[in-house]
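Working notes for the structure below.
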Amino acid sequence: MQPGLFRFGTDFGNGDLDRQFLPRDEQHAHYTAEKRRILADHPRRVLVAAVSEEDHAALEAARCFLVQTAENEGHPVRSELSLAQLGAELAEDFAVLTRADRAVMVHVCFPSGWRPEAVVGESFVRIHRHVPAFGAIAERAHGLLEAMLTRGPYVRFVWTVTADDQLDHHPEQGARLPWTAQTAHGFLRVERQTTVPLAGGTASLFLIRTYLYPFAELSESQRAILSEALRQMPAELAAYKQLTSAVPRALQLLR
Ligand code: HEM
2 MQPGLFRFGT DFGNGDLDRQ FLPRDEQHAH YTAEKRRILA DHPRRVLVAA
52 VSEEDHAALE AARCFLVQTA ENEGHPVRSE LSLAQLGAEL AEDFAVLTRA
102 DRAVMVHVCF PSGWRPEAVV GESFVRIHRH VPAFGAIAER AHGLLEAMLT
152 RGPYVRFVWT VTADDQLDHH PEQGARLPWT AQTAHGFLRV ERQTTVPLAG
202 GTASLFLIRT YLYPFAELSE SQRAILSEAL RQMPAELAAY KQLTSAVPRA
252 LQLLR
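Remember, the numbering used here sits 1 above the position in the sequence shown when you count from 1.
Right under this line is the structure:
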């Protein structure tokens, strides 16, 4: 487990998209339709734990950043939308963290196996307490929090493999297929996570954009890299990602 933070704007070979916070693609309408469906069934995917004036100022700073950024990147949204309404128009999920080390808002429809309701109001270290080997990162939690609040923006990537192309992998409310020996299709699931300092270093916006790539559409070299990463994955990490029984079948499908 690595913080793996890159300075935002690092060239990963995606041209202009690497320099956008809210990159648009042909999947946008599908993502926002999925959000509408999920939010109608589970309104508690949008949760606010703002108590102080600073907390409310953090939420307003996040709202202004998103309105301004959507406009700068060529997809303007109505500037009078609330942060909750705005979230439903974006492909990205997000959380807002404050200098008091609390997640004062989560707007998450596409979690990868975690519960947004367990994250809101919590600190950086508590949110990550189930992550294996997070101890080493936790020792640097203060520095990481400071980096999220005052430096960057930063970007990091997280990946896993899934047996379905459902965006919502909430443990109870989502629809996640288990891996079996009969699994017919595999998908590479990647999260692009961006941290944006806000409000003069008093808050940070954490954006999560989830991407799904069918194994069938990966190039030969991408399949080889993914296979090698699966082979090298430590058992503890595979268990955390619920991939212990997935690896043999995923490797077959990638062949
Ligand atoms: C510097 C910023 C951050 C770093 C380095 C970091 C690191 C990590 C790592 C290493 C994991 C394990 C899986 C993975 O590789 O992603 C993880 C999981 C997770 N992170 Fe973060 N994270 C950061 C910021 C945040 C923020 C701001 C939030 C929300 C407010 C958050 C919420 C979560 C959640 C909910 C999980 C899943 C935890 C679970 O499985 O119980 N992270 N993070």
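Ideal placement from N, C-alpha and C gives every residue a C-beta, glycine not left out.
In the structure shown, what three-state DSSP assignment does residue i receive?
{"i": "V159", "result": "strand"}
{"i": "E147", "result": "helix"}
{"i": "R37", "result": "helix"}
{"i": "E192", "result": "strand"}
{"i": "F111", "result": "coil"}
{"i": "L213", "result": "strand"}
{"i": "L199", "result": "strand"}
{"i": "D19", "result": "helix"}
{"i": "L252", "result": "helix"}
{"i": "A247", "result": "helix"}
{"i": "F207", "result": "strand"}
{"i": "A104", "result": "strand"}
{"i": "R1", "result": "Only positions 2 to 256 of the chain appear in the structure, and residue 1 is not among them; the question remains open."}
{"i": "R8", "result": "strand"}
{"i": "H29", "result": "helix"}
{"i": "E81", "result": "coil"}
{"i": "Q183", "result": "coil"}
{"i": "N220", "result": "One detail in the question is off: residue 220 reads as Ser in this sequence, not Asn. Coil at S220, not helix or strand."}
{"i": "P133", "result": "coil"}
{"i": "L178", "result": "coil"}
In terms of residues, what are the limits of the alpha helix (DSSP H) holding residue i?
{"i": "Q69", "result": "E54 to N73"}
{"i": "A240", "result": "A236 to Y241"}
{"i": "F125", "result": "F125 to I128"}
{"i": "A51", "result": "From DSSP, A51 is part of no alpha helix (DSSP H); its letter is neither H nor E."}
{"i": "G88", "result": "L84 to E90"}
Would you call the CB atoms of residue i and residue j closer than 8 Å?
{"i": "R45", "j": "V109", "result": "no"}
{"i": "P215", "j": "H186", "result": "yes"}
{"i": "V156", "j": "F66", "result": "no"}
{"i": "E192", "j": "V159", "result": "yes"}
{"i": "A104", "j": "V120", "result": "yes"}
{"i": "F125", "j": "L168", "result": "no"}
{"i": "L227", "j": "L189", "result": "yes"}
{"i": "A182", "j": "R250", "result": "yes"}
{"i": "L244", "j": "V132", "result": "no"}
{"i": "R116", "j": "H171", "result": "yes"}
{"i": "L18", "j": "H76", "result": "no"}
{"i": "Q28", "j": "E74", "result": "no"}
{"i": "L145", "j": "P4", "result": "yes"}
{"i": "A51", "j": "L60", "result": "yes"}
{"i": "T99", "j": "T211", "result": "no"}
{"i": "A89", "j": "R37", "result": "yes"}
{"i": "M106", "j": "L150", "result": "no"}
{"i": "L178", "j": "R224", "result": "no"}
Check for me: the beta strand (DSSP E) holding residue i runs from which residue to which?
{"i": "A164", "result": "No beta strand (DSSP E) contains A164, which DSSP labels as neither H nor E."}
{"i": "A96", "result": "D94 to T99"}
Does any residue of chain B have a CB that is nearer than 8 Å to the CB of residue i?
{"i": "A101", "result": "The structure shown contains no chain B; it holds only a single protein chain."}
Stretch pair the region 200–212 + the region 91–101: three plus CB contacts closer than 8 Å: yes
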